[in-house]
Amino acid sequence: MKNPLFHKILAVAFLFIQTILIAQNSRVSPQIISIKNLEKEISLDQKYKVSKEDKAIFANPAFDDTSWQSIDISKDSIFQDRKIYWLRYYVKADSSVKNVPLNLEIFQKGASEVYLNGNKIKNLGKIGEDKTGKYIAKDNNPLILQLANSETNVIAIRFQPYLYNDVGLIKFQFKNGALALTLNNADLFVKNKLQEVEKFNFFSMLICGIFLALGFIHLLLFLFYRKALYNLFFSLYNLSIGAMSYIVLLFYNIKDLTKQEHYIYLFFIAFLVFGFSLTGFVNNLFGKSKIRSRIMLAIPVIIIIVYEMNPDLSVIISVFYITLVGFETVYLIIRAMIRRKRSAFIVGGGILLFFIFIVYRIIINLLNIEFSLSNDLTSIFSIVLLISFPASISAYLAWEFANTNLNLVNQLGEVNRLSEINFKQEQEKQQILQNQNDLLEKQVDERTQELQIEKQKTEDLLLNILPEEVAEELKQKGSSEAKQYDEVSVLFTDFVNFTVNLEKIGVQEVIAELNVCFTEFDQIMGRHNLEKIKTIGDAYLAVSGLPVSDDQHAENAINAALEILEFTKNRKLKNPDALDIRIGIHSGPVIAGIVGVRKFA
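In full-length UniProt numbering, the protein residues as written are 1 to 601.
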């Protein structure tokens, strides 16, 4: 039986030996570059010559750096402050690399000036103080160079590290080491590396677009029907993954290191929203414990509060929280499947595939297995796994809609049958109501017509008694105010020997004669703008200049009197028994008004 303790000691010893035996890079033992090695990128990862002084002579390839320390720069710990460091590295190209263009790729956390054999070939960022310095992670433009054959080439780097703020999140970075250099074939770099970058950007934006679109669609569905909380949680889930995908894309293409802290914080928030939405969704569909659900939903808020006081602790809690959400999700889905909930098989399948993808990514990262997007099949498979959850939700919603639609079809038939019955009954009611309305409208029209006739009679009678202006005032106000007129002419007529003629001729004949005369008088008054006031027996009273003032009142009264005389004269010629008339006219001021309430005078 093998001794496990012996194997552990052997593994530790192997790691120790590997650490101390990192190749010492120097002028006499440079790193050899051959065309065979350039089939893949070459990491310049031997120990660098490092100095903490800042002198321009350090760029000179002939400078003697044997007194400098040889340091493994793959660890951030060697750069303790934001001072300027000089690093020197030796490479030698064999004959196979002759006239082969090379690309020098530099990943850094700071600002640097790069020299090849004493010549400055690149500025990455700007070395300076806090406000004047500019710190970038990489340059997306290729740095093409050629190495001198059969000579040792010196790469000198003047480097100023960028020291992050002392917050917990910033310690969890995607790349280790403050500075890393790689050499590769420039032609292969353009052909493969740039294609890989384009493919990564394409797939990242594709994932981001899909999840953001699903997020906004389900947010609208929730706004239309607020009781369906699963739409809200599913919307937040998609938006959080879309946000994380976009932030990863920003990290992949990051240049300005000052933005990295903001990106990490936003990723941290999106990460918490992801856990919040996932636990809310599965609890809304399959959970029964409201207390557990509320606690799980409250934890992200607590983590954000803790972050303000202790970022390190908040990061640790968030990792445990997401792990707990994962176990809770798997537990609730498996329990729902055991209870044979149909939605569990649809939704749960997608969620389980998603967690398989997460575990798969964790395993290949832990085992340091190369994962390249150049493999189209792997990329497509990863994307399919990633979108399996939203796809399963869409399938679930489609299933819900199909069941609802089937029930609606059955109910619609019954509704149509009942609607036909109700429609016939409603038609009968409407016909009865229409007949009643027609009858009522006919009766109303008849009554309205009768009222109009009676109203016209009343108005005619009122106008026969009073002037039109006075009658209108009486209708509007119910009374008429007395008014003084300074200039009017009053015309008064009576017949001579009326009483004697009444006894001589007879009552009927006299009344007929009066009617003929007074009718003609009314017409004469109208022609000369006189207002008839009243008749008393054989007397006829009219006025000119009232109720409407008229400067020609006297003239109008005289003209009316002359026409009356002409009428009686002609009447006398035709009828010897006709009555003789007397006419009086008086001009001056009068007061006119209506007195009494029973009869107008």
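The beta-carbon is built from N, C-alpha and C at its ideal position, and this holds for glycine as well.
Keep in mind that this is a model prediction, so the values were computed, not measured.
Check: Boundaries of the beta strand (DSSP E) in which residue 158 is found, first to last residue; Outcome: 152-161
Check: Cβ-Cβ distance between residue 318 and residue 275 below 9 Å; Outcome: yes
Check: Per-residue DSSP class, three states only, for residue 216; Outcome: helix
Check: Anticipated Cβ contact below 8 Å, residue 137 with residue 257, distance rounded; Outcome: 6 Å
Check: Extent of the continuous beta strand (DSSP E) run through residue 330; Outcome: No beta strand (DSSP E) contains residue 330, which is instead part of the alpha helix (DSSP H) from 311-338.
Check: Separation of residue 178 from residue 227, as counted between CA atoms; Outcome: 51 Å
Check: Per-residue DSSP class, three states only, for residue 259; Outcome: helix
Check: Alpha-carbon spacing of residue 415 relative to residue 424, whole angstroms; Outcome: 14 Å
Check: Sub-9 Å separation of residue 278 and residue 233 beta-carbons; Outcome: yes
Check: Whole-angstrom C-beta distance between residue 542 and residue 491, which should lie under 8 Å; Outcome: 5 Å
Check: Terminal residues of the beta strand (DSSP E) in which residue 243 lies; Outcome: Premise fails: residue 243 lies in the alpha helix (DSSP H), 229-252, not in any beta strand (DSSP E).
Check: Pick from 316, 554, 535 that is closest to residue 544, judged by C-alpha positions; Outcome: 554
Check: Beta-ladder partner(s) of residue 104, from DSSP; Outcome: 183
Check: C-beta contact flag for residue 333 and residue 282 at 9 Å; Outcome: yes
Check: Span of the alpha helix (DSSP H) around residue 524; Outcome: 507-527
Check: Own chain, CB closer than 7 Å to residue 285, minus 5 neighbours either side, in chain order; Outcome: 230, 343, 347
Check: Beta carbon of residue 488 nearer than 9 Å to that of residue 546; Outcome: yes
Check: One or two residues paired with residue 584 in a DSSP bridge; Outcome: 492
Check: Nearest-angstrom Cα separation, counted from residue 448 out to residue 441; Outcome: 10 Å
Check: Helix, strand or coil at residue 87 according to DSSP, with G and I counted as helix; Outcome: strand
Check: Helix, strand or coil at residue 486 [DSSP, three-state]; Outcome: strand
Check: Straight-line gap, residue 246 to residue 220 (C-alpha atoms, nearest Å); Outcome: 22 Å
Check: Bridge partners - residue 592, DSSP secondary structure assignment; Outcome: 483
Check: Best match in 248, 548, 329 for proximity to residue 202 [C-alpha to C-alpha]; Outcome: 248
Check: Opening and closing residue of the alpha helix (DSSP H) in which residue 558 lies; Outcome: 553-574
Check: Check whether residue 485 and residue 560 have beta carbons under 9 Å apart; Outcome: no
Check: Buried/exposed call for residue 634, threshold 16 Cβ in 10 Å; Outcome: Here the chain covers residues 1 to 601 and nothing more, so residue 634 does not appear.
Check: Nearest residue (CA-CA) to residue 40, options 187, 121, 29; Outcome: 187
Check: 8 Å Cβ shell around residue 183 - same chain, five flanking residues per side excluded; Outcome: 33, 38, 41, 42, 44, 91, 102, 103, 104, 105
Check: Paired residues, beta bridge with residue 114 - DSSP; Outcome: 122, 157
Check: Buried or exposed by the 16-neighbour rule on C-beta atoms within 10 Å, applied to residue 171; Outcome: Legend: pLDDT at residue 171 = 46, less than 50; position of this residue unreliable, no value from coordinates given.
Check: Backbone secondary structure at residue 69 - three-state DSSP; Outcome: strand
Check: Segment contact flag, the region 576-583 with the region 492-508, C-beta cutoff 8 Å, min 3 pairs; Outcome: yes
Check: Nearest-angstrom beta carbon gap, residue 65 and residue 88 [assumed within contact, 8 Å]; Outcome: 5 Å
Check: Residue 134 - DSSP class collapsed to helix/strand/coil; Outcome: strand
Check: Inter-residue spacing [alpha-carbon to alpha-carbon] between residue 70 and residue 198; Outcome: 38 Å
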